[in-house]
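Engineer: Questions regarding the structure given below will be posed in turn.
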Amino acid sequence: MMVMGTCPVSPLKLVRDFCEIVIESARAGLPSCVLSMAMAGGSSPVTLAGTLVTHNAEVLAGIVLGQLTERGSKQLYGSSTTAMDLRLMAASVGTPECALISAGAAQLARQYRLRMQTECDSEVLGLLMARFSGRLVRRAALTASVSDSCDSSST
295 MMVMGTCPVS
305 PLKLVRDFCE
315 IVIESARAGL
325 PSCVLSMAMA
335 GGSSPVTLAG
345 TLVTHNAEVL
355 AGIVLGQLTE
365 RGSKQLYGSS
375 TTAMDLRLMA
385 ASVGTPECAL
395 ISAGAAQLAR
405 QYRLRMQTEC
415 DSEVLGLLMA
425 RFSGRLVRRA
435 ALTASVSDSC
445 DSSST
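Under this note's numbering, think of the first position of the sequence shown as 295, with each following residue one higher.
Structure, rendered in structure tokens:
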């Protein structure tokens, strides 16, 4: 099955190319993955909670656009959101922050009953569970690694 993936421009911009991909894939009956690529400290707030708010607004805007185009069209709740390494001025992938953001995005997708595609790193989730025994981290890690709607892949 072919899935059309597209990303809004963080923070909170639905540019023409993005909109055309979402609209045309909905009209053609192809699923699309609305994939936010916000970076905490770069193109979104530095806090993980603030970044998840930006991420969620971008993804939901794309999903709503697809639904307004063709009711019942298939969209995936996507996440490639991560934190920015301020020393290197680059995306930090495979870090605990990335895992927490992915786990939070998985919780949001589950809340909306949407399928999800994410850049989850299960090793980092396991390390988080071992290091922090808090219920929130265990639950977030379990959700992201076990959820049937989370397509996790190591990067």
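All residues carry an ideal CB built from backbone N, CA and C; glycine is no exception.
In this text the structure is predicted, and so the values were computed from the model without any measurement.
Given 8 Å as the limit, is there contact between the stretch 374–381 and the stretch 329–339, that is, 3 or more CB pairs closer than that?
Structural biologist: The stretch 374–381 vs the stretch 329–339: in contact.
Engineer: What do you reckon, are the CB atoms on residue 303 and residue 328 nearer than 7 Å?
Structural biologist: For this step, residue 303 is matched to residue 9 along the sequence shown. For this step, residue 328 is matched to residue 34 along the sequence shown. No; because the gap between Cβ atoms is not below 7 Å, this pair is not in contact.
Engineer: Three Cβ pairs or more, each shorter than 8 Å: is that satisfied between the stretch 399–413 and the stretch 364–373?
Structural biologist: yes
Engineer: Between the alpha carbons of residue 454 and residue 400, how many angstroms are there, rounded?
Structural biologist: There is no way to answer for residue 454, as the model of the chain reaches only from 295 to 449.
Engineer: Does DSSP put residue 319 in a helix, a strand or coil?
Structural biologist: Residue numbering aside, residue 319 sits at position 25 when the sequence shown is read from its first letter. Three-state DSSP puts residue 319 in a helix.
Engineer: Roughly how many angstroms lie between the CA atoms of residue 325 and residue 314, to the nearest whole one?
Structural biologist: As a first step, residue 325 must be located in the sequence shown, where it is residue number 31. As a first step, residue 314 must be located in the sequence shown, where it is residue number 20. The straight-line gap from Cα to Cα measures roughly 14 Å.
Engineer: Suppose the cutoff is 6 Å on Cβ atoms and the five residues either side in sequence are ignored; what does the same chain contact list for residue 307 look like?
Structural biologist: The residue you call residue 307 lines up with position 13 of the sequence shown. Around residue 307: no qualifying Cβ.
Engineer: Kindly list the residues whose CB is nearer than 8 Å to the CB of residue 363, restricted to its own chain and excluding five residues on each side of it in sequence; keep chain order.
Structural biologist: As a position in the sequence shown, residue 363 is number 69, starting the count at 1. Only 316, 317, 320, 321 meet the Cβ criterion.
Engineer: Counting only C-beta atoms, is residue 321 closer than 7 Å to chain D at any point?
Structural biologist: Judged by its chain identifiers, the structure shown contains no chain D, having just a single protein chain.
Engineer: Write down the C-beta distance between residue 388 and residue 346 rounded to the nearest angstrom, noting that I regard them as a contact closer than 8 Å.
Structural biologist: Translated into positions along the sequence shown, residue 388 becomes position 94. Translated into positions along the sequence shown, residue 346 becomes position 52. With a Cβ gap of about 19 Å, residue 388 and residue 346 do not count as contacting.
Engineer: According to DSSP, is residue 372 helix, strand or coil?
Structural biologist: Residue 372 sits at position 78 when you count from the first residue of the sequence shown. Residue state, collapsed to three classes: strand.
Engineer: Would you tell me roughly how many angstroms separate the C-alpha atoms of residue 340 and residue 403, rounded to the nearest one?
Structural biologist: Residue numbering aside, residue 340 sits at position 46 when the sequence shown is read from its first letter. Residue numbering aside, residue 403 sits at position 109 when the sequence shown is read from its first letter. One C-alpha to the other measures close to 22 Å.
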